[in-house]
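Here is the structure we will look at, set down as structure tokens.
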Amino acid sequence: MITVTAARKHYGSFLALDDVDIDIPSGSLTALLGPSGSGKSTLLRAIAGLEGLDGGTVTIDGRDVTAEPPQRRGIGFVFQHYAAFKHMTVRDNVAFGLTIRKRPKAEIAKKVDDLLEIVGLDGFQHRYPAQLSGGQRQRMALARALAVDPQVLLLDEPFGALDAKVRTDLRQWLRRLHDEVHVTTVLVTHDQEEALDVADRIAVLNHGRIEQVGDPVTLYERPANDFVMGFLGSVATLGGQLVRPHDIVLDRDRTTALALDAKVADSPGVITATVERVVPLGFEVRIDLRADSGERFAAQITRRDAAELGLHEGETIHARATSRSTVVDHDPALAI
Amino acid sequence: MTSNAIDSRGAEHSASPLSRPGSSGRDASETTTDGAGEGGRSRGSATPGTTPKRRRVGTVRPLGIGIVTLWLSVIVLLPLAALTVAAFSEGWAGFWDAVTAPAAIAALWVTVLVSAIVAVVNAVTGTLIAWVLVRDDFRGKRFVNAIIDLPFALPTIVASIVLLSLYGPNSPIDVHLNATRWGLIVALLFVTLPFVVRSVQPVLIEADREVEEAAASLGASSWTTFRRVVLPTLAPAILSGTGLAFARAIGEYGSVVLIGGNIPRETQVASQYIQQQIEIDRPVNAAAVSVALLAIAFATLLVLRVVASRTQRREERDA
């Protein structure tokens with residue numbers, strides 16, 4: 470369990486952390502999600518002790534480590550750009566934490582080989598980091614961090630430097646690894662898809678503040694505000710309210726649309742709009758619409774629904790939010 | 007004719023980056039260069055219909071290679087060849103006698119010993135100075151950074167006078183290094199100061215701080231991090247700076263001529279011995295010892311090359 474209380478951090482006049490409180494339960498995989506400059510990396514580095522705080526405390530498993538240097542916090546840290554020891558072989562990289570603790574050679578060798586097998590780098594023991602791909606380097610960095618049996622594993626945008634395909638593979642691999650190893654893990658990311666894919670808890674940060682903490686489903690379906698809703702998934706503005714594009718129902722017939730509308734308590738009602746563009750996205754089709762009020766928004770419907778409607782550009786259509794849709798009042802001040 | 011046109015274009019291209027900074031009409035100069043480039047390219051296609059052979063950007067034309075070869079021959083190789091011929095003008099035996107004369111051996115020994123000490127001291131202090139200049143912030147840092155090169159830029163005889171006035175017979179601080187090996191060491195330390203500093207500094211600036219943070223997160227103390235993570239990264243730069251300092255030290259004359267005292271077998275360095283042999287009209291001896299110095303310097307640079315290429319192969323710089 471990691472507890473951060475009233476954490477504050479300034480960089481000159483820039484407020485990176487503004488009285489942040491967060492509990493990270495033992496064994497969880499928590500994502501700190503936010504745009505750049507939101508303070509997520511600063512928070513992670515403060516937990517690691519790589520960044521000092523101006524105020525507040527950090528405890529790890531009940532031990533106040535606020536004044537401890539990173540060496541004595543029992544952490545493993547993985548950097549976006551791998552931070553590999555370039556002059557050492559893969560084996561020496563992974564063994565580093567154990568070697569400096571002067572563990573017996575046989576114990577080190579066994580542990581390193583076990584870890585390299587877990588991260589899928591068995592047989593790469595004698596390679597140098599320069600001879601590995603980005604994904605392999607990051608897995609080596611992960612094995613290196615895990616070698617010292619950290620109480621918490623901290624990952625700072627670990628997949629940010631990798632290309633899209635490797636990134637998805639590696640985060641699913643990380644998820645499986647976490648299910649095996651169960652070490653409390655905190656992952657910093659700006660990619661909402663990555664957070665939803667990997668984490669069992671997500672903390673959304675903005676301007677040095679935590680906007681909401683919760684499991685992915687809660688955050689997606691019951692966002693606390695505009696910002697959280699906008700950051701986790703796409704949104705459409707429908708009659709002054711934020712709605713998920715796939716929660717918008719389109720109907721050619723105004724009366725059936727209105728009849729259904731009665732069941733929706735706080736829905737924005739039925740909007741009449743003109744079809745501007747029909748964009749096939751594979752399984753779904755995005756319909757770009759312009760409301761009579763001039764407001765532009767997009768709806769996302771399945772391919773079959775789109776085929777049934779048979780929409781064409783320039784046609785008029787009636788749109789409304791479905792009865793179970795996620796709706797947040799639009800506050801322009803919070804918008805991203 | 008065609009090749010001439012291309013060559014002149016090559017020269018034009020190589021000249022343009024030099025003329026660019028400072029020239030205010032930058033856009034204009036670029037368009038002219040481009041225009042010439044187009045012309046050259048179309049002339050370059052030998053057979054119509056085939057695609058003109060495009061050179062990769064940054065490759066060197068035969069003319070460039072020719073100039074470099076000629077320059078190195080005239081400036082470096084020819085004089086060295088002349089020296090070697092002079093050294094062997096009395097045959098191999100004459101060369102060997104000249105080099106193994108007791109006074110010559112003593113002078114070479116003093117030179118190598120003192121230079122080695124100077125190089126090792128430089129390796130440590132130079133790295134430290136570079137570290138402070140890159141990692142620490144203090145008032146007057148830019149000034150300190152600027153004066154590092156001063157001992158190197160100063161005429162060496164001036165350095166000798168400076169040191170003599172401080173450590174000589176009339177030393178104001180009562181430290182007398184005149185005509186001692188300590189005097190030689192101090193003089194050589196003075197003139198070789200910038201070598202290690204200037205070779206380590208850029209590497210340290212480029213060094214990835216996250217690597218050090220990674221070591222810290224794994225439990226390494228600052229000293230362990232420095233020794234096991236930072237030092238291996240700096241090692242090639244330290245080594246090359248040290249090698250250059252050593253090579254400079256073995257050939258140094260001006261800065262040691264006054265403070266060294268020129269005492270045979272004690273403080274007489276090889277360059278002073280060479281000077282002495284010329285004065286007493288023994289040019290073969292002078293040339294022979296010069297060739298010995300040349301061999302030592304060459305061996306030093308060769309070792310540097312080998313070590314540098316080995317480390318480079320190991321950690322190809324990317325990512």
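Taken in order, these protein sequences are the chains called A and B. Numbering-wise (our numbering), the first sequence opens with residue 470 and increments by one. Numbering-wise (our numbering), the second sequence opens with residue 7 and increments by one. Backbone N, C-alpha and C fix where the C-beta goes; we use that ideal spot for every residue, glycine too.
For residue 566/A, the uninterrupted alpha helix (DSSP H) segment begins and ends at 559-568. Checking the DSSP bridge columns, you'll see residue 500/A partnered with 656/A and 671/A.
Neighbours of residue 214/B in chain A, taken as residues whose beta carbon is under 7 Å from its own, are 552 in chain order. Contact between residue 206/B and residue 240/B holds, with the beta-carbon distance rounding to 6 Å and staying under 8 Å.
The stretch 645-653 of chain A and the stretch 482-491 of chain A do not touch, with fewer than three beta-carbon pairs separated by less than 8 Å. Within the stretch 481-493 of chain A, not one residue has a Cβ closer than 8 Å to any Cβ of chain B. Its chain contains 576, 577, 580, 581, 616 and 617 as the residues whose beta carbon lies nearer than 8 Å to that of residue 567/A, once the 5 sequence neighbours on both sides are disregarded; these appear in chain order. In the DSSP assignment, residue 108/B falls within the unbroken alpha helix (DSSP H) covering 108-141. Proximity of residue 208/B to chain A, defined by a Cβ-Cβ separation below 9 Å, is not satisfied.
Within the stretch 530-559 of chain A, the runs of beta strand (DSSP E) at least 3 residues long that lie entirely inside it are, in chain order, 544-547. When beta bridges are read from the DSSP output, residue 480/A appears opposite 483/A. Between residue 636/A and residue 718/A, the C-beta spacing is not below 9 Å. Against chain A, the beta carbon of residue 227/B has neighbours under 7 Å at 540, listed in chain order.
Its chain contains 543, 544, 545 and 652 as the residues whose beta carbon lies nearer than 8 Å to that of residue 619/A, once the 5 sequence neighbours on both sides are disregarded; these appear in chain order.
Within the stretch 631-654 of chain A, contact with chain B at the beta-carbon level (separation under 9 Å) is assigned to no residue.
Not a single C-beta of chain B is nearer than 9 Å to the C-beta of residue 766/A.
Rounded to the nearest whole angstrom, the C-alpha separation of residue 479/A and residue 488/A is 11 Å. At least one beta carbon of chain B lies nearer than 9 Å to the beta carbon of residue 610/A.
For a cut-off of 8 Å, the C-beta gap from residue 201/B to residue 128/B is around 7 Å, short enough to register as a contact. Contact between residue 685/A and residue 665/A holds, with the beta-carbon distance rounding to 5 Å and staying under 8 Å. A Cβ-Cβ distance of about 4 Å is found for the pair residue 112/B and residue 271/B, placing them in contact under the 8 Å criterion.
By the neighbour-count criterion, in which a residue is buried when 16 or more other Cβ atoms sit within 10 angstroms of its Cβ, residue 219/B is buried. For residue 219/B, the closest Cβ of chain A is nearer than 9 Å. Residue 526/A is bridged by DSSP to 474/A.
Considering only 140/B, 226/B, 144/B and 298/B, the residue with the shortest C-alpha distance to residue 89/B is 298/B. Using a Cβ-Cβ cut-off of 9 Å, residue 203/B does not count as an interface residue toward chain A, since no Cβ of chain A sits closer than that to its own. Along the stretch 506-524 of chain A, the positions whose C-beta sits under 7 Å from a C-beta of chain B are 517 and 519, read in chain order. Beta-bridge partners of residue 754/A (DSSP): 749/A and 770/A. Residue 238/B reaches chain A at 556, counting residues in chain order whose Cβ is nearer than 7 Å. For the stretch 283-315 of chain B, no residue has a beta-carbon sitting nearer than 7 Å to a beta-carbon of chain A.
Not a single CB atom of chain B sits nearer than 9 Å to the CB of residue 532/A. Annotation for residue 80/B: no residue places its beta carbon closer than 7 Å to its own, counting only its chain and skipping 5 residues before and after. Close to chain B, meaning a Cβ-Cβ distance shorter than 7 Å, is no residue of the stretch 690-709 of chain A at all. The stretch 669-682 of chain A and the stretch 497-504 of chain A touch, with no fewer than 3 CB-CB distances between them shorter than 8 Å. Distance from the CA atom of residue 301/B to the CA atom of residue 549/A, rounded to whole angstroms, is 48 Å. Chain order gives no chain A residues near residue 243/B, where near means a beta carbon separation below 9 Å; the closest approach is about 13 Å.
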